[in-house]
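Here the structure comes first, spelled out in structure tokens, and everything after it is commentary.
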Amino acid sequence: MFHHTLLSEWTKLRTTASFWWTTGLVLLVSIGWAGLLATFTPDGPGAFMTPDLAHSGFLVFGVPVIMIQAIMVVTTEYRYGLPAANFLATPRRWQVALAKVVLYAVIAALLTLVCLTTSYWLSDLLAPASVSEWYRPFETDAARRYLWAYPTFMAVLVVFCQGLGLLLRQTAGTVALALIWYLGLEQAVRLIPRVGERILRYLPFENLNAVLVNMPVRGTEWDVWVSALIFLAWAVVAWVAGVVVLQRRDA
Numbered sequence: 003m004f005h006h007t008l009l010s011e012w013t014k015l016r017t018t019a020s021f022w023w024t025t026g027l028v029l030l031v032s033i034g035w036a037g038l039l040a041t042f043t044p045d046g047p048g049a050f051m052t053p054d055l056a057h058s059g060f061l062v063f064g065v066p067v068i069m070i071q072a073i074m075v076v077t078t079e080y081r082y083g084l085p086a087a088n089f090l091a092t093p094r095r096w097q098v099a100l101a102k103v104v105l106y107a108v109i110a111a112l113l114t115l116v117c118l119t120t121s122y123w124l125s126d127l128l129a130p131a132s133v134s135e136w137y138r139p140f141e142t143d144a145a146r147r148y149l150w151a152y153p154t155f156m157a158v159l160v161v162f163c164q165g166l167g168l169l170l171r172q173t174a175g176t177v178a179l180a181l182i183w184y185l186g187l188e189q190a191v192r193l194i195p196r197v198g199e200r201i202l203r204y205l206p207f208e209n210l211n212a213v214l215v216n217m218p219v220r221g222t223e224w225d226v227w228v229s230a231l232i233f234l235a236w237a238v239v240a241w242v243a244g245v246v247v248l249q250r251r252d253a
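Quick note on my numbering: the sequence shown kicks off at 3 and runs consecutively.
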């Protein structure tokens, strides 16, 4: 039963033009930015290229688009009144939600892996000779870590975003909340007198960033694995809350 629901969700997604356009833009901008940086890196002393620079295009552009796609997998159907038909075919609503999150979490992880590996390869190919002598993105510990950490936690990010989508059921509002939260809301919390720094260390994107860059959250004694568990907890709680609301609301 579940695999039929999963196949139906994939059919809906692959026949949506905006999915392919936005996925293409993620690939184009993320990989193209790496190639652009490598191409214009000056040859000679002081030439500089790192894996972090190579995947910076994905971090700035790709991550927000993945968040938007994850949300729209859930919320777009409410605009056209499709959930009623979905739940008529699949009365166990949680199976529909599970199919959506499993499907797009896998897609997000694969898309992230393709962006990172291709960005590293292209930046190595186009970098000037003075950089290519020492720039070995697939041989550095940091880059190898990025190749599993980013796809893994992009999948967890999908769980978090779809949880928000299930709670709000409206594309514009959910996208606005998620992007504002990701791009700056938590840093505004830092400004709250006396308690801002203490609150910040438990917020989701502060801990997600700590995991991705492999640096503990400032002012804490825990390592990045605790940050990983904190972000995972946020994602699971958001998604489970969304499924509970999904079960109780009208379609």
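Glycine included, every Cβ here is placed at the ideal spot set by N, Cα and C.
Look up residue i in the DSSP assignment and say whether it is helix, strand or coil.
{"i": "Q172", "result": "coil"}
{"i": "M3", "result": "coil"}
{"i": "L193", "result": "coil"}
{"i": "T120", "result": "helix"}
{"i": "D45", "result": "coil"}
{"i": "Y137", "result": "coil"}
{"i": "R95", "result": "helix"}
Take residue i and list the residues in its own chain whose beta-carbon comes closer than 7 Å to its own, dropping the five residues that flank it on each side.
{"i": "L234", "result": "V158"}
{"i": "W236", "result": "F162 and P206"}
{"i": "N209", "result": "V219, S229, I232 and F233"}
{"i": "T92", "result": "T7 and V98"}
Within 10 angstroms of the Cβ of residue i, are there 16 or more other Cβ atoms? Answer buried if so, exposed if not.
{"i": "V245", "result": "buried"}
{"i": "L169", "result": "buried"}
{"i": "F60", "result": "buried"}
{"i": "P195", "result": "exposed"}
{"i": "E11", "result": "buried"}
{"i": "V75", "result": "buried"}
{"i": "S20", "result": "exposed"}
{"i": "M69", "result": "buried"}
Using only the heavy atoms of the ligand NAD, determine whether one of them is closer than 7 Å to the beta carbon of residue i.
{"i": "P44", "result": "Because no ligand of any kind appears in the structure shown, any question about the ligand NAD cannot be addressed here."}
Given this structure, state the Cα-to-Cα distance separating residue i from residue j, to the nearest angstrom.
{"i": "V215", "j": "H5", "result": "36 Å"}
{"i": "T24", "j": "K14", "result": "16 Å"}
{"i": "V177", "j": "L128", "result": "36 Å"}
{"i": "A72", "j": "V160", "result": "6 Å"}
{"i": "L27", "j": "I33", "result": "10 Å"}
{"i": "A99", "j": "E79", "result": "12 Å"}
{"i": "L84", "j": "T77", "result": "10 Å"}
{"i": "V239", "j": "W150", "result": "24 Å"}
Within its chain, find whatever has a CB closer than 6 Å to the CB of residue i; leave out the 5 residues flanking it on each side and keep chain order.
{"i": "W96", "result": "V245"}
{"i": "G198", "result": "V191 and R192"}
{"i": "L38", "result": "none"}
{"i": "W35", "result": "G59"}
{"i": "V103", "result": "V161 and Q164"}
Can you tell me where the alpha helix (DSSP H) with residue i in it begins and where it stops?
{"i": "W22", "result": "A19 to T41"}
{"i": "L210", "result": "P206 to V215"}
Considering only residues of the same chain and omitting the five flanking positions on each side of residue i, which have a CB-CB separation below 8 Å?
{"i": "V226", "result": "A212, V213, N216, M217 and P218"}
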